[in-house]
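Below: the structure, in structure tokens.
Protein chains: 2
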Amino acid sequence: MAERMRRRRVTIADIARESGYSKTSVSFAFNSPRRISDEARKKILQVAESLGYYPDTLARNFSLQRHHSIGFLLPHAIPDAMQNPYIQQVIQGVGSVCQEEEYTLTVIPPFGKSLSKAIRSAAVDGMITMGMEAEHRGVDSIRMKDIPFITIDGTPSGGMHSVNIDDRQAAGDIMAYLLGLGHRRFALISVSGERDIPAISSSVIDRRMEGYREVLASAGLVCPSESVRLYHSPCSLSGGRTAGAQVLADHPRPTCIVTMSDITALGVMQTLREAGVPVPGAVSVAGFDNIPEASIMVPGLTTVDQPAWDKGVTAGQLLFAMIRGDGPRAGRACISHRLVIRESVAPPQQL
Amino acid sequence: MAERMRRRRVTIADIARESGYSKTSVSFAFNSPRRISDEARKKILQVAESLGYYPDTLARNFSLQRHHSIGFLLPHAIPDAMQNPYIQQVIQGVGSVCQEEEYTLTVIPPFGKSLSKAIRSAAVDGMITMGMEAEHRGVDSIRMKDIPFITIDGTPSGGMHSVNIDDRQAAGDIMAYLLGLGHRRFALISVSGERDIPAISSSVIDRRMEGYREVLASAGLVCPSESVRLYHSPCSLSGGRTAGAQVLADHPRPTCIVTMSDITALGVMQTLREAGVPVPGAVSVAGFDNIPEASIMVPGLTTVDQPAWDKGVTAGQLLFAMIRGDGPRAGRACISHRLVIRESVAPPQQL
DNA sequence: CTGAAAGCGCTTACAG
DNA sequence: CTGAAAGCGCTTACAG
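Read top to bottom, the protein sequences are chains F and V. Per my numbering, the first sequence runs over residues 92 to 442. Per my numbering, the second sequence runs over residues 92 to 442.
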């Protein structure tokens, strides 16, 4: 088709020739208009217009040594990663900062399971990753690239810049609430990594487990045990459904199901509804994240609010500071969390 | 911090000097290994490794004349655009194609309300837009850029490549279903453009309205009229809430609320729930899109399934075909839709 | 198999 | 105010 039959590109050289001015002047006409005479500028702009000139982004960026885009490295394949509302929210937060800074946001899917390849070819000035451990081989690729980067929900150590909440405390908070209502028989659904990268780093999972365990211990409970069973599920709706079915199959049935992500909780609740098990009548369900759906659901999901949007914004702002070179020495932001009490959790039924 | 003190970049010139080979050979070592001797390759790779060489993406892309990324132009600001699950799904569809092609996906937010500026600086090999009219000034910017582009939910005409469903037929289908159940008093919630770009092009809105009207006419109804009131709402949860309140304030109350997007319908349902108006007991609600939430909701939302994911995939595939130069002459894909009947619509109550 | 050289299209010190 | 020229770091015909 016509638009594929690209006539040779119109360059500043063409404009220079046509207008009688130099390439320098042409460039100035666009980028530093005040450095040339009105007459020259007018003439050049007019010739540019008539020739249908459009600056070459590739050449411009190369010359300016910047991409004008920041990268968001997906923890796993698009279908899994972007279907998680929590991740979506984080992306939106990052995106809103990009919008302000007039940068584009480059979403980098892992190419054919090869993260390093994806990282290598990413045309970005900085990168945000999710759930990456300091030891992850992907980190080396980014370091090699020599661009600033920040990890969200990763390991807040190892010299990596990171944005996190206090996962241990947050997990403890919700568990304390559940114990306070009288629950003593739990199903804990932790996160299992799919592919080679979990949605959240294993250190985050570890810290949440610590939080749960600490508070459980104060009530004399141990995990895993007869009273507190441990399950694992991918961070997805279908993962939640499967986990829900597993819990239902086990006996005795817990009075409360605690998940490490809302999307998993939604899946669990779907299974329960289909099985005719009333929530919270027969069993309570607690989540983690506070995705928008948590409040739309009926019953509303009791969960830990970790402001995904804020995490994205904070990471974005830190990253831009680093790109500008006026970044903080040690970037380790901790965002506050909050227990959100809705209807999916009630005191356990008397037996 | 250390990583900001960039020592001068290690380039192929450095490797050439250190290894005793030419820049050509160094380049071959990485990109056409079989064009040089084993010995040379080994030596070069080893020197590269020891120097911590990492190819410069900017230079590489410039030389290769490609960005290795395709752009997704957001119809409006990040918070609005990306919070709409329908748009999210489209993005995911496009993204999944990118992943296969080993391309990144550049999300382009409108810079400070300036679309053209955003388009101009976008470093992409092709572009996908949503809801763009052929006459939109943004289209000219893209044309100037001389890269292939496709619009989803835009105007399937004007020589633009596009991906759509049969909006008129789809709107007619759901209206026919509602009339069939006996509804005769409707609130129709159309889409109003926020900012200067609506979420869906006005031509799409027009075609849906045509579909509604045509079928309404067959039942002797006219829109707008006493029986069929017309409202307008932005494509968002909050927009839906506001519209819901408006509908509730009017009398007589319709037996069925018909929206042009599920996200709006969800907002409407929230308002109804808070007002204690049972759905579908007192009033039925119908949507458009079939976003994932539509099935999670209680009651499930009766709506038109327009496969957002498929739209994204189709647009992505067409775009890559165009980028490769083996694109179709006239790209105008029409995806099939489907009526999805759930619980949010019931026959009207007897009075 | 190897290398000198041109080229991708801009930006920008520098000199006039 | 204006322009010749270097430079950004690669890739790739072309010649040997």
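Every residue gets a Cβ at the ideal spot worked out from N, C-alpha and C, and that includes glycine.
Check, Outcome
"State yes or no: is the C-beta of C314(F) within less than 9 angstroms of the C-beta of L279(F)?", "yes"
"What residues in its chain sit with their C-beta under 6 angstroms from that of R429(V), if we drop five residues either side in the sequence?", "D396"
"If I'm right that V185(V) touches T197(V) with Cβ under 8 angstroms, what's the distance once you round it to whole angstroms?", "Not really, about 11 angstroms apart at Cβ, beyond 8 angstroms."
"Apply the 10 Å Cβ neighbour rule to I432(V) and answer buried if 16 or more other Cβ atoms are within range, or exposed otherwise.", "exposed"
"Measuring CB to CB, does A416(F) end up less than 9 angstroms from V188(F)?", "Here the sequence assigns Gly to residue 416(F), which means Ala is not the residue at that position. No, these two residues do not count as a Cβ contact at 9 angstroms."
"Can you list, in chain order, the residues of its chain with a C-beta nearer than 6 angstroms to that of V254(F)? Leave out the 5 residues immediately preceding and following it.", "I243, K402, T405, A406 and A424"
"Leaving out the 5 sequence neighbours to the left and right, which residues in its chain are closer than 6 angstroms to A310(F) when beta-carbon positions are compared?", "L270"
"Contact defined as beta carbons within less than 8 angstroms: I believe G302(V) pairs with R275(V). What is the distance between those atoms, to the nearest angstrom?", "No, G302(V) and R275(V) are not in contact; Cβ-Cβ is about 18 angstroms, not under 8 angstroms."
"I think S212(F) touches S232(F), with their Cβ atoms under 8 angstroms apart; what is that distance to the nearest whole Å?", "With 8 angstroms as the limit, S212(F) and S232(F) do not qualify as a contact, their Cβ atoms being about 11 angstroms apart."
"Closer than 8 angstroms between beta carbons: that is the criterion. Which residues of the stretch 392-404 of chain F meet it against chain V?", "none"
"Look at the Cβ atom of S292(F), then the Cβ atom of T355(F), and state whether they are nearer than 9 angstroms.", "no"
"Determine which residues of the stretch 162-174 of chain V have a Cβ less than 8 angstroms from any Cβ of chain F, and write them out in chain order.", "G162, A168, I169, P170, M173 and Q174"
"Hey, which unbroken runs of the beta strand (DSSP E) at 3 residues or more fall wholly within the stretch 147-171 of chain V?", "160-164"
"Measure how close the beta-carbons of T393(V) and F379(V) come, nearest whole angstrom, since I'm counting them as under 8 angstroms.", "The pair is not a contact, with the Cβ atoms about 10 angstroms apart (cut-off 8 angstroms)."
"Tell me whether V101(V) sits in a helix, a strand or coil according to DSSP, three-state version.", "coil"
"Measure the alpha-carbon distance for S160(F) versus K236(F) and round it to whole angstroms.", "15 angstroms"
"Ignore the nearest five residues each way along the sequence and tell me which others in V319(V)'s own chain have a CB closer than 7 angstroms to its CB.", "F277, L279, L307, L312 and V313"
"Just to confirm the assignment, what range does the alpha helix (DSSP H) spanning R228(V) have?", "R228 to K236"
"Give me the Cα-Cα distance between Q190(V) and L165(F), rounded to the nearest whole angstrom.", "11 angstroms"
"Give the secondary structure of L321(V) by DSSP, where H, G and I count as helix, E and B as strand, and everything else as coil.", "strand"
"Could you tell me the alpha carbon to alpha carbon distance between E317(F) and V181(F), rounded to whole angstroms?", "37 angstroms"
"Could you round the C-beta distance between S453(V) and C326(V) to whole angstroms and report it? I think they count as a contact, below 8 angstroms.", "Coverage of chain V is limited to positions 92 through 442, which leaves residue 453(V) absent and any answer about it impossible."
"Residues in the same chain with beta-carbon distance under 6 angstroms from R304(F), minus the five sequence neighbours each way, listed in chain order, please.", "C314"
"Can you tell me whether R298(V) is helix, strand or coil according to DSSP?", "helix"
"Looking at the strands, I want to know which residues DSSP matches up with V376(V).", "I348(V)"
"In the stretch 194-212 of chain V, which residues sit with their C-beta less than 7 angstroms from some C-beta in chain F, listed in chain order?", "T195, L196, T197, V198, I199, P200, F202, G203 and S212"
"Give me the residue from C347(V), F163(V), M360(V) and S110(V) with the minimum Cα distance to A336(V).", "M360(V)"
"On the three-state DSSP scale, how would you describe S253(F)?", "strand"
"Taking the beta strand (DSSP E) that V138(F) belongs to, which residues open and close that run?", "Unbroken run through V138(F) is the alpha helix (DSSP H), D129 to L142; no beta strand (DSSP E)."
"Comparing the C-beta of Q190(V) with each C-beta of chain F, is any distance below 9 angstroms?", "yes"
"Taking the beta strand (DSSP E) that A214(V) belongs to, which residues open and close that run?", "Counting along the chain, A214(V) falls outside any beta strand (DSSP E), and DSSP gives it neither H nor E."
"Answer yes or no: does any C-beta atom of chain F fall closer than 9 angstroms to that of G331(V)?", "no"
"For M235(F) and chain V, any beta-carbon pair shorter than 9 angstroms?", "yes"
"With a cut-off of 8 angstroms on the beta carbons, I'd call T346(F) and P439(F) a contact; round off their distance for me.", "4 angstroms"
"Does the distance from the CB of M266(F) to the CB of M223(F) come in under 9 angstroms?", "no"
"Anything in chain V within Cβ reach of F153(F), meaning under 7 angstroms, just list it in chain order.", "L149, A150 and F153"
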